[in-house]
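Those letters in the sequence shown? Residues 16 to 309, by our numbering.
In this text, a Cβ means the ideal position worked out from N, Cα and C, and glycines have one as well.
Since the structure is predicted, the reported quantities are computational estimates derived from the model, not experimental observations.
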Amino acid sequence: MNNAWIEKWSVAVFAHNEADNIVRCLTSILMQNITMNFPIHVLANGCTDRTVQLVEALAKVNPSIKLFNIEVPDKANSWNYYTHKVAPESECHFFIDGDVVIEPMAFNELYKSLTCSNEAVAAGGLPASGRSCAAWSHRMVSMGRLAGSLYLLHGDFLESIREQEIHIPIGFVGEDFYITCLAKGQLNLNGINISSPRVVFNPRALFSFESLSPRNPKHWWAYFSRLVRYQIREYQLLMLFFFMYGKTQQEIPPDVQTLYRGVEQLPRYRWRGRITPVDIIAVWKIRNAIGNWV
Numbered sequence: 016m017n018n019a020w021i022e023k024w025s026v027a028v029f030a031h032n033e034a035d036n037i038v039r040c041l042t043s044i045l046m047q048n049i050t051m052n053f054p055i056h057v058l059a060n061g062c063t064d065r066t067v068q069l070v071e072a073l074a075k076v077n078p079s080i081k082l083f084n085i086e087v088p089d090k091a092n093s094w095n096y097y098t099h100k101v102a103p104e105s106e107c108h109f110f111i112d113g114d115v116v117i118e119p120m121a122f123n124e125l126y127k128s129l130t131c132s133n134e135a136v137a138a139g140g141l142p143a144s145g146r147s148c149a150a151w152s153h154r155m156v157s158m159g160r161l162a163g164s165l166y167l168l169h170g171d172f173l174e175s176i177r178e179q180e181i182h183i184p185i186g187f188v189g190e191d192f193y194i195t196c197l198a199k200g201q202l203n204l205n206g207i208n209i210s211s212p213r214v215v216f217n218p219r220a221l222f223s224f225e226s227l228s229p230r231n232p233k234h235w236w237a238y239f240s241r242l243v244r245y246q247i248r249e250y251q252l253l254m255l256f257f258f259m260y261g262k263t264q265q266e267i268p269p270d271v272q273t274l275y276r277g278v279e280q281l282p283r284y285r286w287r288g289r290i291t292p293v294d295i296i297a298v299w300k301i302r303n304a305i306g307n308w309v
């Protein structure tokens, strides 16, 4: 352990219009380790609700909370902002979505998993809620996939990302899968489909969130939008893997528009059974980003 580290833990929380959840999220973080102070950096990006005001009010009574109000509503851009402009020198960095609640002792459990391994550079939390959390947890562990809701990166690993000036393309949806690939050192299909000792998980490090149900009319639009985002993520990952073949990590495109223009073929409109409506919108969004609608 390097005694030169300024902070033992540092936390990054990503929030886009999370007025309904951000106070619960931050409260659960503040309760993780009451014997140790650590900075909590809230990256509010493109918020048009009361998220910023709620964080400001909480920061007045909790000086460990530091608010960064970013105009661009994009998580990948916010991740880059934290990593390259905000992150302090620290032994490890927690990354959390602003819509989740962290279960008690989750930070300690993740920290133990990461520091007890000689190879691991990342440790992932697991879901405690959701309609299919057991199946989701199984996929995460068996394939070694981090979930953006809660994961921990070793300080040395994040420092190497900074030194190599590696950024996530702005507009990239699957930032958690991208970080998974970087942690494994495999920016290809193996990076998201095969487990690695460099990415570990702890069944006692849990996070929870409000589940969306297709049976609840109030959730229909949010549920459909999430399905579209998942489909865009799938296409973006495949395009990135093809784009990066034979290239170095420093040649990663700065944004998804550059990625889309750099691949030989964009996704096409086609029949995909019952997910066809979702797929059509995902393909349209990708093509529309560079003015190629057909």
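Would DSSP call residue i helix, strand or coil?
{"i": "Asn18", "result": "Residue confidence for Asn18 is low, a pLDDT of 39 falling below 50, so the modelled location carries little weight; the figure read from the coordinates is stated next. DSSP places Asn18 in coil when its eight states are reduced to three."}
{"i": "Glu266", "result": "helix"}
{"i": "Ser226", "result": "coil"}
{"i": "His108", "result": "strand"}
{"i": "Asn84", "result": "strand"}
{"i": "Arg219", "result": "strand"}
{"i": "Ile117", "result": "strand"}
{"i": "Phe122", "result": "helix"}
{"i": "Ile183", "result": "coil"}
{"i": "Ser211", "result": "coil"}
{"i": "Val28", "result": "strand"}
Would you mind reading off the limits of the beta strand (DSSP E) that contains residue i?
{"i": "Tyr3", "result": "As displayed, the chain neither begins before 16 nor continues past 309, which places residue 3 out of reach and without an answer."}
{"i": "Ser37", "result": "A small fix is needed here, since residue 37 is Ile in this sequence, not Ser. Not the beta strand (DSSP E): Ile37 falls in the alpha helix (DSSP H), residues Ile37 to Leu45."}
{"i": "Leu58", "result": "Ile55 to Asn60"}
{"i": "Gly159", "result": "Gly159 -> no beta strand (DSSP E), and no H or E assigned at all."}
{"i": "Gly2", "result": "With the chain covering only 16 through 309, there is no way to say anything about residue 2."}
Closest to residue i by C-alpha separation, out of the options, would be which residue?
{"i": "Ile305", "options": "Ile37, Pro212, Asp64 and Gly277", "result": "Gly277"}
{"i": "Ser60", "options": "Val38, Lys90 and Asp114", "result": "Rather than Ser, the amino acid found at residue 60 in this sequence is Asn. Considering only alpha carbons, the answer is Lys90."}
{"i": "Gly261", "options": "Asn203, Gly140 and Pro282", "result": "Asn203"}
{"i": "Ser152", "options": "Leu161, Leu141 and Thr42", "result": "Leu141"}
{"i": "Met155", "options": "Gln179, Val116 and Gly206", "result": "Gly206"}
{"i": "Arg285", "options": "Glu178, Glu279 and Val298", "result": "Val298"}
{"i": "Leu58", "options": "Tyr97, Ser79 and Phe216", "result": "Tyr97"}
{"i": "Leu161", "options": "Val136, Arg177 and His182", "result": "Val136"}
{"i": "Leu337", "options": "Ile209, His234, Asp270 and Pro282", "result": "Residue 337 is absent from the model: the chain starts at 16 and stops at 309."}
{"i": "Ser105", "options": "Ala27, Val76 and Ile44", "result": "Ala27"}
{"i": "Asp270", "options": "Arg241, Ile301, Arg244 and Ser240", "result": "Ile301"}
{"i": "Val67", "options": "Glu180, Asn307, Met51 and Val38", "result": "Val38"}
{"i": "Phe257", "options": "Ser240, Arg241 and Tyr275", "result": "Tyr275"}
{"i": "Asn307", "options": "Gln280, Arg289 and Gly288", "result": "Gln280"}
{"i": "Arg248", "options": "Thr63, Ser93, Phe187 and Glu86", "result": "Phe187"}
{"i": "Gly159", "options": "Ile209, Lys127, Ala121 and Ile176", "result": "Ile209"}
{"i": "His56", "options": "Cys62, Tyr250, Val87 and Ile111", "result": "Ile111"}
Starting from residue i, follow the alpha helix (DSSP H) in both directions and report where the run begins and ends.
{"i": "Asp191", "result": "Glu190 to Lys199"}
{"i": "Gly206", "result": "Leu204 to Asn208"}
{"i": "Asn92", "result": "Lys90 to Tyr96"}
{"i": "Val101", "result": "Run containing Val101: none; DSSP gives neither H nor E here."}
{"i": "Ala72", "result": "Thr66 to Val76"}
Am I right that residue i and residue j are in contact with their C-beta atoms under 8 Å? What's the rounded C-beta distance?
{"i": "Asp171", "j": "Gln246", "result": "Wrong, their Cβ atoms sit about 35 Å apart, outside the cutoff."}
{"i": "Leu167", "j": "Leu221", "result": "No, Leu167 and Leu221 are not in contact; Cβ-Cβ is about 14 Å, not under 8 Å."}
{"i": "Asp114", "j": "Glu174", "result": "Incorrect: roughly 28 Å between the Cβ atoms, too far for contact."}
{"i": "Leu125", "j": "Ala138", "result": "5 Å"}
{"i": "Asn84", "j": "Ile185", "result": "Asn84 to Ile185, Cβ: 17 Å. No contact."}
{"i": "Gln265", "j": "Gln201", "result": "Wrong, their Cβ atoms sit about 17 Å apart, outside the cutoff."}
{"i": "Pro229", "j": "Tyr238", "result": "6 Å"}
{"i": "Leu73", "j": "Leu41", "result": "6 Å"}
{"i": "Phe224", "j": "Ser164", "result": "7 Å"}
{"i": "Ile117", "j": "Ile44", "result": "6 Å"}
Within 9 Å of any Cβ in chain B, is that where the Cβ of residue i sits?
{"i": "Phe109", "result": "No chain B appears in this structure, which consists of one protein chain only."}
Output the residue ranges of the alpha helix (DSSP H) runs that lie fully inside the region 235-307 and measure 4 residues or longer, sorted by chain position. 235-259, 271-277 and 291-303
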